[in-house]
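S.K.: Below you'll find the structure I mean.
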């Protein structure tokens, strides 16, 4: 049994945790939930030895433990699958799986042995690949599952999954949950941190809720519901969660004609009008990100044309797209959207900086402070380094940077990935404000309920080609799923 009592952690003037209590029994799956900035990741990092608490204690089987490193926590049977990948891309899959068990010196024989040793753990998570292959060669979902395999190789008593499902497709999530269920039967505990309420209802034995760094209570399996969890997380009932407003459509802002993307299997055409949200749906690998990145000038246009407000975008580059009135919120906020070692103010200003000229630091800080207020970013001031913010607040900084360019069309790639229910509500509210101001939005998401709740039309992709288009009045989860799998929808049914 693991018990945390009175755990407190401060980062300068910010108190991330204040007297938090938690208990995880053997063979139990406990969901740890709360808004971004509520302290979930901080608590998981304390339990796994990444951080040490300022106050409070951690006990294992009634014995007080003080971990000064993740290695010490592993020795006691606590393994963390972190929110961001910790793998070494240039090492082999086997070396990454056995990373915590690799001797200091390696020879050819040892590498062959590592492949043999890693294979059972790869089999356990359902990753079928050559263990000697380079980690960077794996597809996205398998990379996440290799992180789980690495945790399993430590033979943990407690496995902590910090947003491990946020980058997985539905089939990969089910594979992961099969592992969690098997571990539960074997007596291994799991602490599951997730923003997806459906996952909590599906697999958790209990849910522990944090709010503003403090314990907000817990719910048993019988008590868990979307409504109760949401209310405990944000301190209020969620009404009109998606903030979908009736906004008259204006002129066409984005016109995509016969666009062919790298690796595409057919032309894609659509338009987005002022005040409209177009959704992009499809399974992992369907081409949603490729379409957005091509429109944003990050990938080359193989064929076709893109027009913004009636004018064709001829300088097809990120800068040309930006000048034309496009702004992209990328899926990988840490790798593509932020400079983690810089402040909120500096990151927001990235959208408006010029190659030459003097940077106005006073204006930079003012715009950073305005973004904190407008987007409700949880930070004491605009000089805070972005790396210290929670995932959801980092996403808000990326959004603030894009809005600083006053775009005509906003491209959103998984904008709510890793964001809690309260932060999602705020982002949907902001989207409504942007639409009323005359902006158009294209949003790619793997969350079907979000697409159904916020979009006016949904374009479904399959195998990097158009599979169909659904109006808001015709769209259902079943129809989107059918088109995503390559089927055909009978609109008369």
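Residue numbers (my numbering): 39 to 531.
Heads up, the beta-carbon is just placed ideally off N, CA and C, and yes, glycines get one too.
Since the model is a prediction, treat every value here as computed from it, not as a measurement.
Strictly by DSSP, which residues pair up with residue 317?
M.R.: To locate residue 317, count along the chain shown from 1; it is residue 279. DSSP, once it has assigned bridges, lists 481 and 496 as partnering residue 317.
S.K.: Does the count of Cβ pairs from the region 513-520 and the region 489-505 closer than 8 Å reach three?
M.R.: yes
S.K.: Measure the C-alpha to C-alpha separation of residue 337 and residue 165 and round it to an integer number of angstroms.
M.R.: On the chain shown, position 299 is the one that residue 337 refers to. On the chain shown, position 127 is the one that residue 165 refers to. Going from the Cα of residue 337 to the Cα of residue 165 covers about 29 Å.
S.K.: Restricting to runs no shorter than 3 residues, where is the beta strand (DSSP E) found entirely within the region 280-344?
M.R.: 290-298, 306-311 and 315-319
S.K.: For the beta strand (DSSP E) that residue 94 lies in, which residues bound it at each end?
M.R.: Taking the chain shown and counting its residues from 1, the one referred to as residue 94 is at position 56. Segment 93-98, the beta strand (DSSP E) holding residue 94.
S.K.: Tell me whether the beta-carbon of residue 250 lies closer than 9 Å to the beta-carbon of residue 82.
M.R.: As a position in the chain shown, residue 250 is number 212, starting the count at 1. As a position in the chain shown, residue 82 is number 44, starting the count at 1. In this structure, residue 82 does not lie closer than 9 Å to residue 250 by Cβ.
S.K.: Distance check for residue 316 and residue 289, CA to CA, integer angstroms please.
M.R.: Position 251 of the chain shown, counted from the start, is the residue given in the question as residue 289. Position 278 of the chain shown, counted from the start, is the residue given in the question as residue 316. In a straight line, the C-alpha of residue 289 is about 14 Å away from that of residue 316.
S.K.: Let me know the secondary structure DSSP gives residue 469 once reduced to three states.
M.R.: Translated into the one-based positions of the chain shown, residue 469 becomes position 431. Residue 469 falls in the helix class under three-state DSSP.
S.K.: Could you name the residues of the same chain whose beta carbon sits closer than 6 Å to that of residue 146, not counting the 5 residues immediately before and after it, in chain order?
M.R.: Translated into the one-based positions of the chain shown, residue 146 becomes position 108. Its pLDDT being 47, under 50, residue 146 is placed unreliably by the model, and the measurement read from it follows with that caveat. Result list for residue 146: empty, nothing under 6 Å.
S.K.: Let's see if you can read the secondary structure: which residues bound the beta strand (DSSP E) around residue 44?
M.R.: Numbered from 1 along the chain shown, position 6 holds the residue referred to as residue 44. Element bounds for residue 44: 40-49.
S.K.: Is it buried or exposed, residue 300, if we count other Cβ atoms within 10 angstroms and call 16 or more buried?
M.R.: Locating residue 300 in the chain shown gives position 262, where the first residue counts as 1. Exposed is the call here.
S.K.: Grab me the residues of residue 438's own chain with a C-beta within less than 7 Å of its C-beta, minus the 5 sequence neighbours each way, in chain order.
M.R.: Locating residue 438 in the chain shown gives position 400, where the first residue counts as 1. Correct list, in chain order: 386, 409 and 413.
S.K.: Determine the DSSP secondary structure at residue 511, reduced to helix, strand or coil.
M.R.: Locating residue 511 in the chain shown gives position 473, counting from the first residue. DSSP places residue 511 in coil when its eight states are reduced to three.
S.K.: Relative to the C-alpha of residue 175, which residue among 126, 148, 192 and 157 is closest?
M.R.: Numbered from 1 along the chain shown, position 137 holds the residue referred to as residue 175. Nearest of 126, 148, 192 and 157 to residue 175, Cα basis: 126.
S.K.: On the DSSP bridge list, what partners appear for residue 185?
M.R.: As a first step, residue 185 must be located in the chain shown, where it is residue number 147. Per DSSP, none; premise fails for residue 185.
S.K.: Return the bridge partner residues of residue 21 from the DSSP annotation.
M.R.: Limits of the chain in this structure are 39 at one end and 531 at the other, which puts residue 21 out of reach.
S.K.: Measure the C-alpha to C-alpha separation of residue 451 and residue 343 and round it to an integer number of angstroms.
M.R.: On the chain shown, residue 451 is found 413 positions in, with the first residue counted as 1. On the chain shown, residue 343 is found 305 positions in, with the first residue counted as 1. Going from the Cα of residue 451 to the Cα of residue 343 covers about 21 Å.
S.K.: Which residues does DSSP list as the beta-bridge partners of residue 506?
M.R.: Residue mapping note: residue 506 aligns to position 468 of the chain shown, counting from 1. Residue 506 pairs with 498.
S.K.: Among the residues of its own chain, which have a CB less than 7 Å from the CB of residue 369, if the five just before and after it don't count?
M.R.: On the chain shown, residue 369 is found 331 positions in, with the first residue counted as 1. Result list for residue 369: 327, 451, 452 and 455, in chain order.
S.K.: On a Cα-Cα basis, can you pick out the residue from 429, 92 and 375 that is closest to residue 122?
M.R.: Looking up residue 122 in the chain shown gives position 84. If we check each option's Cα against that of residue 122, 429 comes out closest.
S.K.: In chain order, what residues of the same chain have a beta carbon less than 8 Å from the beta carbon of residue 78, not counting five sequence neighbours either side?
M.R.: Start at 1 with the first residue of the chain shown, and residue 78 comes out as number 40. Closer than 8 Å at the Cβ level, and outside the excluded window around residue 78, lie 70, 71, 72, 200, 231 and 248.
S.K.: Taking Cβ to Cβ, would you say residue 173 is nearer than 9 Å to residue 186?
M.R.: Locating residue 173 in the chain shown gives position 135, counting from the first residue. Locating residue 186 in the chain shown gives position 148, counting from the first residue. Not in contact: residue 173 and residue 186 (Cβ atoms no closer than 9 Å).
S.K.: Residue 254 lies in the beta strand (DSSP E); which residues open and close that run?
M.R.: By 1-based counting over the chain shown, the position of residue 254 is 216. Segment 252-258, the beta strand (DSSP E) holding residue 254.
S.K.: Per DSSP, what kind of secondary structure is residue 240 in: helix, strand or coil?
M.R.: The count along the chain shown starts at 1 and reaches residue 240 at position 202. DSSP places residue 240 in helix when its eight states are reduced to three.
S.K.: Count the other C-beta atoms from every protein chain shown that fall within 10 angstroms of the C-beta of residue 158, then say buried if there are 16 or more, exposed otherwise.
M.R.: As a working note, residue 158 is residue 120 in the chain shown. Exposed: under 16 other Cβ atoms inside 10 Å.
S.K.: Looking at residue 99 and the ligand GTP, is the gap between the Cβ and the nearest heavy atom below 8 Å?
M.R.: Questions concerning the ligand GTP fall outside what the structure shown contains, since it holds no ligand whatsoever.
S.K.: Cβ atoms of residue 364 and residue 446: under 9 Å apart, would you say?
M.R.: Taking the first residue of the chain shown as 1, we reach residue 446 at position 408. Taking the first residue of the chain shown as 1, we reach residue 364 at position 326. Their beta carbons are under 9 Å apart, which means residue 446 touches residue 364 by this criterion.
S.K.: Identify, in the order they occur along the chain, each residue of the same chain with its Cβ nearer than 7 Å to the Cβ of residue 203, setting aside the five sequence neighbours on each side.
M.R.: Counting from one through the chain shown, the residue named residue 203 turns up at place 165. 211, 214, 232, 234 and 237.
S.K.: May I ask you to list the residues that DSSP assigns as paired with residue 198?
M.R.: Start at 1 with the first residue of the chain shown, and residue 198 comes out as number 160. Looking at the DSSP output, residue 198 shares a beta bridge with 118 and 229.
S.K.: If you run the structure through DSSP and keep just helix, strand and coil, what is residue 438?
M.R.: Working through the chain shown from its first residue, we reach residue 438 at position 400. It is helical.
S.K.: Taking C-alpha atoms, which residue in 403, 107, 308 and 39 lies nearest to residue 97?
M.R.: For this step, residue 97 is matched to residue 59 along the chain shown. When only C-alpha atoms are compared, the closest one is 39.
S.K.: Please state whether DSSP places residue 153 in a helix, a strand or coil.
M.R.: Along the chain shown, one-based indexing puts residue 153 at 115. Residue 153 falls in the helix class under three-state DSSP.
S.K.: Just to confirm, is the Cβ distance from residue 59 to residue 42 under 9 Å?
M.R.: Within the chain shown, the letter at position 21 stands for residue 59. Within the chain shown, the letter at position 4 stands for residue 42. In contact: residue 59 and residue 42 (Cβ atoms closer than 9 Å).
S.K.: For the beta strand (DSSP E) that residue 407 lies in, which residues bound it at each end?
M.R.: Reading the chain shown from its first residue, position 369 is the one you call residue 407. From DSSP, residue 407 is part of no beta strand (DSSP E) but of the alpha helix (DSSP H) over 399-413.
S.K.: For residue 57, which of helix, strand or coil comes out of DSSP?
M.R.: To locate residue 57, count along the chain shown from 1; it is residue 19. In the structure shown, residue 57 falls within a strand segment according to DSSP collapsed to helix, strand and coil.
S.K.: With a cut-off of 8 Å on the beta carbons, I'd call residue 84 and residue 45 a contact; round off their distance for me.
M.R.: By 1-based counting over the chain shown, the position of residue 84 is 46. By 1-based counting over the chain shown, the position of residue 45 is 7. Rounded, the Cβ-Cβ distance is 6 Å, consistent with contact.
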